[in-house]
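Have a look at the structure below before the remarks.
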Amino acid sequence: MEHITELLRQYRQGHGLPAEFYTSKEVFRYDIEQVFKKTWIYVGVVSEFKKKGEFRVVQVDNNSIILVRGEQDEVRAFHNSCRHRGAQICVTDKGRVPNLVCPYHQWTYNLNGDLIYAGRMGENFSCKGNGLKPVAIASVAGLLFINLADDPCYADMDKMKADLEPYVRFYQLDKLKVVKEIDLIEKANWKLVVENNRECYHCGANHPELLNSWPPYGAGFGWPDDPREAAAVARQIDEAYAKKRPQWDRLGMTHEPLDLTADRWYRAMMMILEKGALSQTVNGELACRKLLPGFSEPDNSDLSMWTHFNSWHHFLCDHVVTTMAIPLSEDRTLVRTRWLVHEDAQEGTDYDLETLIHVWVQTNDQDKWLAEISQAGIRSDAYRPGPYSEETEGLVMNFIDWYVKQLQSGR
Ligand code: FES
Ligand SMILES: [Fe+2]
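So for the sequence shown, my numbering puts the first residue at 26; every next one is plus one.
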């Protein structure tokens, strides 16, 4: 504890963190208690739970969590630990069940988590009061967040819902389906994974596929260097937005930038794709001919959205890419990406899966490599926290400040 206080004292705003924040087991344990178990964590999307009883299991540190579409059609979350002798109830990652039955002695819980059967427990035993322990869950227009705290901060969630739902609702996630999910285990501390996600300073040199459609201003690119050219680009951007806004208004899309403030832990930015692209594909063409339900014609927009600390999303006119990061240890992080299309879209007719996923498969692999070389370099005796670029890494600074505040709040 004292050691962490001392490390926090060494942190200089506008700079990276001291090495131990990325390498030490002790700090990681503190991260678990102060960050992962106290904040709202993105864990999935409603499109995965089409039918009653469909479930997924997500592991957050020592806690295995069941997400399941319940009796009243809402997605619920429970600790995956039987109230009898603690066994895990769902032993596969996903499936569909009428009830949740513990494999050990068949205690049976309904989809609301109530215990409805426990054999041979004697006359004095009552099922009542022995339901599964619920986990706080919230849906932001279909994006699912859980909170493992004993007293979750619902005010945080209510504010985020009010701010973000107008953007997300347009995409009708309940009418989409997940057609691909890919897990990467990155050999890097979770903060390096997130830091890398919060800037596009690295994009020019590292993401050739993404750059076919990515706007240079997307996340503070920092180019072109010539200020006269920068002014010309800024003018073009203003003109492009002036033209787009009435179209978005007509479609009923929420598009005003929702940028960061000191107490905001999420961001939504509507972007216009570059170079005539209509989607995030290598050639800029649509990835899926069946557009998302809100669109009657192709639109070259990308709603780029993220939340501290563990999610980022791209909403295009023809598909959605949504990513969550789950910390596994001080130097390993799970990055799970899902691709969604209209629930009626047919593979082979409306979309080719490889084309659909290509840009973000490549981009994620490139980002994995960047996070891993950062981790390896930070282990060096020579590492000293360097300065962030005000021009291109403002969002990284915001993330690190948010993180430091989370740690300080527990002291
Ligand atoms: S541990 Fe679950 S029924 Fe016994
Ligand atoms: Fe990247």
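Just so you know, even glycine gets a beta-carbon here, dropped at the ideal spot from N, CA and C.
Ligand 2 heavy atom lying under 7 Å from the CB of residue i
i, result
"His280", "no"
"Gln391", "yes"
"Asn137", "no"
"His232", "yes"
"Thr388", "yes"
"Asn221", "yes"
Residue i Cβ short of 7 Å to ligand 1 heavy atom set
i, result
"Tyr413", "no"
"Gly111", "yes"
"Gln131", "yes"
"Glu228", "Note that residue 228 is Cys in the sequence shown, not Glu. No, the Cβ of Cys228 stays beyond 7 Å of every heavy atom of ligand 1."
"Cys127", "yes"
"Cys152", "no"
"Cys115", "no"
"Cys107", "yes"
Residue i in three-state terms, based on DSSP
i, result
"Val135", "Inspection of the sequence shows that residue 135 is occupied by Asn rather than by Val. Of the three classes helix, strand and coil, the one that applies to Asn135 here is coil, per DSSP."
"Gln84", "strand"
"Trp273", "helix"
"Lys76", "coil"
"Ser434", "helix"
"Arg54", "helix"
"Gly245", "Residue confidence is low: Gly245 scores 43 on pLDDT, short of 50, so the model does not pin down where it sits. Its coordinate-derived value is still stated next. It is coil, neither helix nor strand."
"Asp208", "strand"
"Arg37", "coil"
"His383", "helix"
"Arg260", "helix"
"Arg194", "helix"
"Val71", "helix"
"Ser89", "strand"
"Tyr129", "coil"
"Leu42", "coil"
"Leu298", "coil"
"Val60", "helix"
"Lys315", "coil"
"Asp250", "Per-residue confidence for Asp250 stands at a pLDDT of 49, beneath the threshold of 50, marking its modelled position as unreliable; no derived number is given."
"Ser304", "coil"
"Tyr226", "coil"
"Leu395", "helix"
"Leu140", "strand"
"Ile403", "helix"
Burial state of residue i (16 or more Cβ within 10 Å)
i, result
"Thr117", "exposed"
"Trp290", "buried"
"Ala174", "exposed"
"Asp250", "The pLDDT assigned to Asp250 is 49, lower than 50, so where the model puts this residue is not dependable; a value taken from the coordinates is nonetheless given after this. So Asp250 ends up on the exposed side."
"Ile443", "Examination of residue 443 is not possible in this model, given that the chain is present from 26 through 436 alone."
"Phe103", "buried"
"Glu355", "buried"
"Thr286", "exposed"
"Lys76", "exposed"
"Ala230", "exposed"
"His28", "exposed"
"Ala244", "Its pLDDT being 40, under 50, Ala244 is placed unreliably in this model, and the coordinates cannot settle the point."
"Phe170", "buried"
"Pro282", "exposed"
"Ser72", "buried"
"Lys158", "exposed"
"Asn172", "buried"
"Trp394", "exposed"
"Glu379", "exposed"
"Pro352", "buried"
"Ala302", "buried"
"Pro43", "buried"
Bridge partners - residue i, DSSP secondary structure assignment
i, result
"Asp175", "In DSSP, Asp175 forms no bridge with anything."
"His338", "Met330, Thr347"
"His437", "Residue 437 falls outside the range modelled here, since the chain spans only 26 to 436, and no answer is possible."
"Gly120", "Phe80"
"Arg361", "Asp208, Met349"
"His367", "Leu201"
"Ser354", "Arg357"
"Tyr291", "Thr332"
"Ser164", "Leu169"
"Ala102", "Leu92"
"Leu283", "Ala293"
"Ile425", "In the DSSP output, where bridge partners are listed per residue, Ile425 has none listed."
"Glu372", "Tyr376"
"Pro159", "Phe103"
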